[in-house]
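Since the structure comes first, as structure tokens, the remarks are kept for the end.
Numbering (our numbering), first residue to last: 7 to 82.
Below, the structure is given as structure tokens:
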């Protein structure tokens, strides 16, 4: 039982990091755009924001699936 609980906590921690990546890299820049707090003033800066948002989204997805892999190690 202890083994399973440790795995669940680890998977939860990894998944929380993935949510942090997605919120920080994807949601925050677009909220900044909506409310006018963004530093995007040129097409080059907007492309950098899109690239970094894509990287953060991909990182979040990869970490989420890593958490799912951790859960596969649960013992019955």
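No residue lacks a Cβ here, since even glycine has one placed at the ideal position from N, Cα and C. Note that this is a predicted model, so its numbers are computed, not measured.
Please classify residue i: does DSSP put it in a helix, a strand, or coil?
i: residue 79; result: coil
Count the other CB atoms within 10 Å of the CB of residue i; is the residue buried (16 or more) or exposed (fewer)?
i: residue 69; result: buried
i: residue 35; result: buried
How big is the Cα-Cα spacing for residue i and residue j?
i: residue 14; j: residue 55; result: 34 Å
i: residue 75; j: residue 21; result: 11 Å
i: residue 61; j: residue 43; result: 21 Å
i: residue 41; j: residue 26; result: 21 Å
i: residue 82; j: residue 31; result: 37 Å
i: residue 78; j: residue 28; result: 23 Å
Could you check where the alpha helix (DSSP H) with residue i kicks off and where it finishes?
i: residue 44; result: Where residue 44 is concerned, there is no enclosing alpha helix (DSSP H), given that its DSSP letter is neither H nor E.
i: residue 25; result: 8-28
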